[in-house]
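Before any comments, here is the structure.
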Amino acid sequence: MPFAKNRLLYVLIVSLLAIGLLVLLWHIRPVLSWIWNILKLILTPLLISMIVAYLLNPVVNLLHRRKMPRSVAVLLIYGTFLLAMVLLFVNLFPVFVRQMRDLLEHLPEWTARLQLWLNYVYQHRFMLPGALQMSIEQAIVTAEQWFTERTTHLIRNLPSTVEPLVMLITIPFVTFYLLKDHEVMERLVMTFVPLDKRREISRLLRDIDMALGNYIRGQLLVASLIALLAYIGYWLIGLPYSLLLALFVGLMDIIPYIGPYLGAVPALLVALTVSPKMVLWVLIVNVIVQFVEGNVLSPLIVGRTVDLHPLTIIFTVLVGGKVAGLMGSLLAVPFVVVAKVVLEHLVAYIIQRKRMVAAGHPDDPEAGEKP
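Position in the sequence shown (first residue = 1) + 16 = my numbering.
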């Protein structure tokens, strides 16, 4: 009975503390929002720098293993990468801006055509309730207004916005030092780890680095190839705004399973404003592109680096999107990949400790591995 009373008291105290913490967080929402905005300004360039570093690090390591000094290898690969990005930007950005302006100019016309097509469908194909028809039409108008306002605001304020300038200056430097001092930073982290745990933590960090690197490199390469294939397909069938729509397809393709379907939606909506035949062609292009991805690119490039059940990935993406929007959907799977590696190491460590205790070596971390 005393144990039961103590446990009940413990649960009650923890519950009250949890409720108090939630109430406190609710009342300091403005402060948390301010802190989050500052953290976002810091973490966004760091995250982008880490992604670029993951992309380039294997090539740097390859050159370093061939006796090239790491600083020289980083400068060579990094300079080549930046030059390629500049050339890509110079060639694609004018087309991107031109298509974006053209889209904003003709968006009301496309919306009107889409509404006419939907009215035809309502009258001759599917008789929907009047309230539902009005809701769909209102959703189209709202989406048009939202897209126009956001895009116009972005174009007008981009040159005077501090955040893009900070990222433009910060990302190259952070990426350079992540590549150059990768091993130095790892040793620095290890100084905060107890001596008897350094071997396990080193293995954990190595496996996390490998899993994350394989996933990020694979997904970005597949998404880039998918964007290229979609652009070629859209250009061949004469779809308007083919570059914009293909870039959106590539961006959404980074999100596993759900992304490819989301990426095809804008292209289908634009095709609806052209002709039913164009809708069919867009469907054919997307089916071919997704077939190539599912049967050739993903198995060949990504393989089973994630090793998670599809339902787990879908649920993870949905939860990430609910918590943090598009960024949450993009980061959800990498987060779970890291959590999976940590959990596997934790389980292995617990099993090893049990074996050591059973063998009479509870304080010897190497005892479980000795023959």
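Yeah, the Cβ is synthetic: ideal placement off N, Cα and C, and Gly gets one too. Here the structure is a predicted model, which is why all the values come from computation and not from measurement.
Item: CA-to-CA distance, Ala375 to Pro387, given in whole angstroms; Value: Residue placement at Pro387 is flagged as unreliable, the pLDDT there being 42, under the threshold of 50; the coordinate-derived value follows with that caveat. For Pro387 and Ala375, the distance between alpha carbons rounds to 12 Å.
Item: Backbone secondary structure at Lys3 - three-state DSSP; Value: Residue 3 falls outside the range modelled here, since the chain spans only 17 to 387, and no answer is possible.
Item: Selection from Ala34, Ile67 and Ile29 that minimises the alpha carbon distance to Asn230; Value: Ile67
Item: Closest residue to Phe97 among Ser65, Ser314, Arg82 and Pro124 (Cα-Cα distance); Value: Ser65
Item: Proximal residues to Glu385 (C-beta, below 7 Å), its chain only, five neighbours per side dropped; Value: Low local confidence applies: a pLDDT of 49 at Glu385 is under 50, so the model's placement there is unreliable, and no value is given.
Item: Outcome for Leu351 when other beta-carbon atoms lying within 10 angstroms are tallied against a minimum of 16; Value: According to the sequence as given, residue 351 is Phe; it is not Leu. It counts as exposed.
Item: Inter-residue Cα distance where the pair is Gly234 and Ile317; Value: 6 Å
Item: Among Tyr277, Pro74 and Val111, nearest to Glu309 - alpha-carbon criterion; Value: Tyr277
Item: Buried or exposed (CB count within 10 angstroms, at least 16 for buried), Ile51; Value: exposed
Item: C-beta contact flag for Val90 and Val76 at 8 Å; Value: yes
Item: Under the three-state DSSP convention, the category Glu70 falls into; Value: Strictly speaking, residue 70 in this sequence is Tyr, with Glu absent from that position. Note: Tyr70 maps to helix in three-state DSSP.
Item: Inter-residue CB distance, Ala246 and Gly275 (contact presumed, cutoff 8 Å); Value: Actually they are not in contact, since the Cβ atoms of Ala246 and Gly275 sit about 12 Å apart, beyond 8 Å.
Item: Best match in Tyr193, Gly36 and Tyr273 for proximity to Tyr70 [C-alpha to C-alpha]; Value: Tyr193
Item: Simplified DSSP state of Ile187, which is helix, strand or coil; Value: helix
Item: Straight-line Cα distance separating Leu261 from Trp251; Value: 10 Å
Item: Proximity of Gly279 and Phe264 at Cβ, strictly below 8 Å; Value: yes
Item: Pairwise C-alpha distance: Thr158 and Trp126; Value: 14 Å
Item: Cβ neighbour criterion (16 or more within 10 Å) applied to Ile93; Value: buried
Item: Beta-carbon gap between Phe112 and Leu259 smaller than 8 Å; Value: yes
Item: Under the three-state DSSP convention, the category Phe19 falls into; Value: Legend: pLDDT at Phe19 = 47, less than 50; position of this residue unreliable, value from coordinates given subsequently. Phe19 falls in the helix class under three-state DSSP.
Item: Bounding residues of the alpha helix (DSSP H) (the contiguous stretch that carries Leu324); Value: First-last for Leu324: undefined, no H or E at that position.
Item: Span separating the alpha-carbon of Leu55 from that of Leu63; Value: 12 Å
Item: Alpha helix (DSSP H) segment containing Glu12, residue limits; Value: Coverage of the chain is limited to positions 17 through 387, which leaves residue 12 absent and any answer about it impossible.
Item: Cβ contact check for the segment 332-340 and the segment 209-216: 3 or more pairs under 8 Å; Value: no
Item: Which of helix, strand or coil DSSP assigns to Gly234; Value: helix
Item: Residue range of the unbroken alpha helix (DSSP H) whose run includes Leu267; Value: Ser258 to Asp269
Item: Residue-level contact to chain D via CB, Thr127, 8 Å cutoff; Value: In summary, chain D is missing from the structure at hand, where a single protein chain is found.
Item: Where Thr289 sits in the DSSP three-state scheme; Value: coil
Item: Buried/exposed call for Arg326, threshold 16 Cβ in 10 Å; Value: Checking the sequence, you will find Pro at residue 326 rather than Arg. Answer is exposed; the Cβ neighbour count stays below 16.
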